[in-house]
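Engineer:
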Amino acid sequence: MSAVSSLAWANSPATGNAIALYARWSPQLDAKIAAAVQRLRDAAISHGDGLVQSSSLGVEDMVITDLIARHQLPIDIATLDTGKLHAETLGLIPRIAERYGREVAVFQPVNEQVIQFVRREGEDAMFKSIELRKACCGVRKLEPLARMLKGRSAWITGLRREQSGARAEVAFDEDDGQGRRKLSPIADWTWTEVWAYVERFEVPTNPLHDQFMPSIGCAPCTRAIAVGEDFRAGRWWWEESTKECGLHVKP
Ligand code: SF4
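When we follow the numbering used here, the leftmost residue of the sequence shown carries the number 292, and every step to the right adds one.
1) Measure the alpha-carbon distance for D467 versus F408 and round it to whole angstroms.
2) I'd like the span of the alpha helix (DSSP H) that includes V489, first residue to last.
3) Measure the beta-carbon distance from M504 to A515 and round it to whole angstroms, keeping in mind my assumption that it falls under 8 Å.
4) Tell me the DSSP secondary structure of R526 in three-state form.
5) Which same chain residues, not among the five before or five after L358, have their C-beta less than 7 Å away from its C-beta?
6) Any heavy atom of the ligand SF4 within a distance shorter than 7 Å of the CB on R431?
7) May I ask you to report which of helix, strand or coil DSSP gives A301?
8) With L342 as the anchor, note down where its beta strand (DSSP E) starts and where it stops.
9) If the criterion is Cβ atoms closer than 8 Å, does the pair V350 and H539 meet it?
10) Using a Cβ-Cβ cut-off of 6 Å (strictly less than) and excluding sequence neighbours within five positions of M353, which residues of its own chain qualify?
11) Compute the distance between the beta-carbons of Q344 and D367, then report whether it is under 8 Å.
12) Do you know whose CA, among G456, S475, K425, lies nearest D464's CA?
13) Check whether the Cβ atoms of A388 and L364 lie closer than 8 Å to each other.
14) Is any beta-carbon of chain D found at less than 8 Å from that of R330?
15) Is the beta carbon of G519 closer than 8 Å to that of S506?
16) Using the C-alpha atoms, what's the distance from A459 back to M417?
17) Please return the same chain residues whose Cβ sits closer than 8 Å to the Cβ of T553, not counting the five positions on each side in sequence.
18) At which residues does the alpha helix (DSSP H) containing L440 begin and terminate?
19) Between which two residues does the alpha helix (DSSP H) harbouring I447 extend?
20) If we ignore side chains and look at the alpha-carbon of each, how far apart do A629 and R491 end up?
21) How many angstroms separate the CA atom of M439 from the CA atom of T373?
22) I368 bridges to which residues according to DSSP?
23) Which residues does DSSP list as the beta-bridge partners of D464?
24) Using beta-carbon positions only, say whether H338 and A445 come within less than 8 Å of one another.
25) Between Q454 and F522, is the Cβ-Cβ spacing less than 8 Å?
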């Protein structure tokens with residue numbers, strides 16, 4: 292179980308201000324910010340145009356986008372629009388443009404593939420079996436991610452070790468299994484540190500985080516978590532699985 296279960300919100304009502312509930316500046320955070328900026332700077336120098344931030348638009352990725360923009364790093368920002376995202380999630384794309392003057396490249400699934408999949412398996416295929424859920428993720432996420440990463444030598448993620456047991460070993464810099472480097476510059480940050488950064492630097496965030504959704508994916512596959520539940524328990528909550536869609540699983 293992640294540390295999130297012991298946080299203040301556990302005794303709070305069903306909605307709340309995420310900053311008020313979670314933000315705690317730690318004695319280590321200044322050093323962690325400096326180290327994350329240095330990792331991003333080094334990556335920009337090493338990879339040049341081959342580097343992209345693959346943003347889920349979740350709070351960790353918004354912090355990284357803020358670090359990139361604040362330090363004027365020449366790093367492209369991209370996201371996946373699966374066709375099943377909440378309006379609140381998509382609303383962050385124009386907010387990034389307004390706030391930072393940075394365009395977010397949006398990668399969508401191939402329309403014909405989505406139509407064929409839904410026609411064959413149904414709009415609710417993800418609830419029928421893990422195989423069909425992964426097939427849906429394959430069409431809506433993995434294929435567009437492959438296009439996003441085509442020609443790139445490295446990608447930046449907002450993975451953190453605290454997010455789940457499956458992510459406890461996330462490295463700052465690792466092989467993604469497909470010949471690229473996968474960089475997770477805030478892998479060692481805690482949930483409370485992420486929100487402390489958001490508060491200090493007024494980072495735009497998804498309002499759904501204020502409804503106890505620490506991890507936000509597609510609308511049909513995300514729910515709020517309850518007291519004591521794991522950080523990613525609200526993702527594919529009906530499954531007994533590692534709660535991963537395949538984006539961060541080595542082939
Ligand atoms: S998260 Fe759900 S809706 Fe989104 S691609 Fe995966 S199965 Fe489909």
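All C-beta atoms, glycine included, are put in the ideal place defined by N, C-alpha and C.
Nothing here was measured: the structure is a model prediction, and the numbers come from that model.
Structural biologist: Walking through what the data contain:
1) For the purposes of this step, residue 467 is taken as residue 176 along the sequence shown, with counting starting at 1. For the purposes of this step, residue 408 is taken as residue 117 along the sequence shown, with counting starting at 1. Each residue's alpha carbon lies about 27 Å from the other.
2) Position 198 of the sequence shown, counted from the start, is the residue given in the question as residue 489. Residues 482-492.
3) Taking the sequence shown and counting its residues from 1, one reaches residue 504 at position 213. Taking the sequence shown and counting its residues from 1, one reaches residue 515 at position 224. Going by Cβ atoms, the distance from M504 to A515 rounds to 5 Å, so yes, they are a contact pair.
4) What you label residue 526 is simply residue 235 of the sequence shown in a count that begins at 1. Residue state, collapsed to three classes: strand.
5) Looking up residue 358 in the sequence shown gives position 67. Same-chain partners within the cutoff: A327, V328, L331.
6) Here residue 431 corresponds to residue number 140 of the sequence shown, with the count starting at 1. True, at least one ligand heavy atom lies under 7 Å from that Cβ.
7) The residue you call residue 301 lines up with position 10 of the sequence shown. Note that A301 scores a pLDDT of 40, beneath 50, so its modelled location is shaky and nothing firm can be said.
8) One-based indexing of the sequence shown puts residue 342 at position 51. L342 -> beta strand (DSSP E) spans 342-346.
9) Residue 350 sits at position 59 when you count from the first residue of the sequence shown. Residue 539 sits at position 248 when you count from the first residue of the sequence shown. No, these two residues do not count as a Cβ contact at 8 Å.
10) Start at 1 with the first residue of the sequence shown, and residue 353 comes out as number 62. Here the set comprises V494, T496.
11) Residue numbering aside, residue 344 sits at position 53 when the sequence shown is read from its first letter. Residue numbering aside, residue 367 sits at position 76 when the sequence shown is read from its first letter. For Q344 and D367, yes; Cβs fall inside 8 Å.
12) Residue mapping note: residue 464 aligns to position 173 of the sequence shown, counting from 1. With distances taken between Cα atoms, D464 lies closest to S475.
13) Looking up residue 388 in the sequence shown gives position 97. Looking up residue 364 in the sequence shown gives position 73. No, the pair does not count as a contact, with Cβ atoms beyond the cut-off.
14) Although the question refers to chain D, the structure presented lacks it and comprises just one protein chain.
15) As a first step, residue 506 must be located in the sequence shown, where it is residue number 215. As a first step, residue 519 must be located in the sequence shown, where it is residue number 228. Their beta carbons are not under 8 Å apart, which means S506 does not touch G519 by this criterion.
16) Against the sequence shown, residue 417 aligns to sequence position 126. Against the sequence shown, residue 459 aligns to sequence position 168. Their backbone Cα atoms lie some 26 Å apart in a straight line.
17) Shown here, the chain extends from 292 to 542; a query on residue 553 therefore has no answer.
18) One-based indexing of the sequence shown puts residue 440 at position 149. Element bounds for L440: 434-440.
19) Within the sequence shown, residue 447 is the residue found at index 156, counting from 1. Here I447 belongs to no alpha helix (DSSP H); instead the beta strand (DSSP E) covers 445-447.
20) Because the chain here runs from 292 to 542, residue 629 falls outside it and cannot be looked at.
21) Mapped onto the sequence shown, residue 439 falls at position 148. Mapped onto the sequence shown, residue 373 falls at position 82. Spanning the two alpha carbons is a distance of roughly 13 Å.
22) Taking the sequence shown and counting its residues from 1, the one referred to as residue 368 is at position 77. DSSP, once it has assigned bridges, lists Q344, V395 as partnering I368.
23) For the purposes of this step, residue 464 is taken as the residue at position 173 of the sequence shown. According to DSSP, which records beta bridges pairwise, D464 is partnered with L474.
24) As a working note, residue 338 is residue 47 in the sequence shown. As a working note, residue 445 is residue 154 in the sequence shown. Yes, these two residues count as a Cβ contact at 8 Å.
25) As a working mapping, residue 454 is identified with position 163 in the sequence shown. As a working mapping, residue 522 is identified with position 231 in the sequence shown. Result yes, Cβ atoms of Q454 and F522 sit closer than 8 Å.
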